[in-house]
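Colleague:
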Amino acid sequence: MMFPKKYWTITLASLLILATLAMISYHAVKQDSDTGFFRKLVLEAAWPLESLKNRSIKVLRESWDRYLFLIGLEAENRRLRKEKHLLENQLGRYREGYLDALRLRKMLMLKEQPDTTTVIAEVIDREHSPVFKSILIDKGTAHGLKTGLPVLSDQGIAGRITECSWHLSRIMLIVDVNSNVSAMLQNSRANGMLQGAGVGCRLKYVPKTEEVKIGDVVISSGLGGIFPNGMLLGVVTAVDKKEGDFFQRIDVQPSVDFGKMEEVAVLIPRKDRKP
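Letter by letter, the sequence shown follows residues 2 to 276 in our numbering.
1) So Q156 is in the beta strand (DSSP E); what residue range does that whole segment cover?
2) In the structure shown, what three-state DSSP assignment does Q187 receive?
3) Using only the alpha-carbon positions, how far apart do K147 and P208 sit?
4) With respect to the beta strand (DSSP E) encompassing A143, which residues constitute its N-terminal and C-terminal limits?
5) Would you report the Cα separation of Q196 and A143, rounded to the nearest angstrom?
6) Is V236 near A122, with beta carbons less than 8 Å apart?
7) State the DSSP-derived secondary structure class of S1, mapped to helix, strand or coil.
8) What does the alpha-carbon distance come out to for the pair N188 and D139?
9) With distances taken Cα to Cα, identify the nearest neighbour of G308 among F133, H129 and I175.
10) Would you please state the rounded distance, in angstroms, between the beta carbons of M232 and A159? I believe it to be under 8 Å.
11) Between the region 161-172 and the region 205-222, do at least 3 Cβ pairs fall closer than 8 Å?
12) Just the Cα atoms here: how many angstroms apart are V182 and G225?
13) Answer yes or no: do D177 and F247 have a C-beta to C-beta separation smaller than 8 Å?
14) List the residues that DSSP assigns as beta-bridge partners of R250.
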């Protein structure tokens, strides 16, 4: 049966007191000649108690030192955890700046188009309708924008401007059900019309005689004069050649991740650019 902790404390204290009294008696008994019987008795009785006292003091000292060490270790751990959080936050800011720089670099590469100039804008709002998809950007007529201009992201074509005020513009995305973009398959060069379907897109008016495979890349054809030709639109995800239909049903996954789009580039023909 285990003794309560308080009984162990009382027992240990009693032993320490007995050891102390025995040592006092030992030192108090003086013999000028050989060790006397009583002195021998005290010596034999005092040694186990003295040894127990020394071991107890050693255990207490080691326990105290260990306690102080653990206290210091906990403080060091708190400091290291704080430094870790600070470094993680700093690394996150650096990474965000690096990714922003990469996106802007891709945007600025669009300025190499000889017949257009580029205005970089930030996305400040999104429409969350199931079928009508648009965003709001922080540039408008004061920056040379107008309705009908094409809008790109660093991943491909995003949409076109449908409304424009002095400092704001609304962009209809290519996944909007009212969106139509002249498109073609990059490999076969078969032409069609990319229409928005709310979530993804569909490439329509491609004859069944054309070979279309899942994974084929869809780009802008340049027909209609709104979007430059050769711009990335998406990738074919499904092909269905129904009996009796003249055209294929082709589902397309847009190349742009509209939910994560933060900046866009508006292309302005140089002839329309205000001096």
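Backbone N, C-alpha and C fix where the C-beta goes; we use that ideal spot for every residue, glycine too.
Predicted model, so just to flag it, every value in this text is computed and none were measured.
Modeller: Judging by the given coordinates:
1) DSSP places Q156 in no beta strand (DSSP E); its state is neither H nor E.
2) Reduced to three states, the DSSP call for Q187 is coil.
3) 35 Å
4) It is not in any beta strand (DSSP E) - A143 carries neither H nor E in the DSSP assignment.
5) 31 Å
6) no
7) Residue 1 is absent from the model: the chain starts at 2 and stops at 276.
8) 37 Å
9) This structure gives no information on residue 308, because the portion of the chain shown stretches from 2 to 276.
10) That pair is no contact at about 10 Å.
11) no
12) 9 Å
13) no
14) D241
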